[in-house]
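Let me begin by presenting the structure, written as structure tokens, before commenting on it.
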Amino acid sequence: MTHDRYDHSPMDKAINEHGLKWTQYGENVARGQQTEEVVMNVWMHSPPHRRNILNPSFTHMGAALAQPGNYWTQGFATLPGTWNAPACP
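For reference, each letter of the sequence shown is one residue, going 3 to 91 in my numbering.
Written out as structure tokens, the structure is:
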């Protein structure tokens, strides 16, 4: 499992290809978990993944599941000129 794309390029290349201007990005990936509840529990109990999920400076988020194999991903980005909501307790 890697954070690189199918062509071994870094994730920021995908963001740039969509024309987004970003100042910060993050990604969580996982494989094999059967449900979204299970994968979220795994991520929330992993300090680096939890930091991405709770990072109040991220203004945009997307998620996907690829089958077969239960490949999960969350992508986060901070785009200039967007409003940052306060973090939830």
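The C-beta atom is built at its ideal place from N, Cα and C for all residues, glycine as well.
This structure is a prediction, so every number in the text was calculated from the model and none was measured.
Quick check on residue i: does DSSP put it in helix, strand or coil?
{"i": "residue 20", "result": "coil"}
{"i": "residue 81", "result": "coil"}
{"i": "residue 57", "result": "coil"}
{"i": "residue 47", "result": "coil"}
How big is the Cα-Cα spacing for residue i and residue j?
{"i": "residue 35", "j": "residue 41", "result": "6 Å"}
{"i": "residue 43", "j": "residue 51", "result": "10 Å"}
{"i": "residue 75", "j": "residue 61", "result": "17 Å"}
{"i": "residue 9", "j": "residue 17", "result": "14 Å"}
{"i": "residue 56", "j": "residue 47", "result": "12 Å"}
{"i": "residue 58", "j": "residue 49", "result": "15 Å"}
Tell me, please, whether the segment 74-83 touches the segment 13-30 by the rule of three or more beta-carbon pairs shorter than 8 Å. yes
Kindly confirm or deny that the segment 60-74 and the segment 26-39 touch, where touching means at least three C-beta pairs closer than 8 Å. yes
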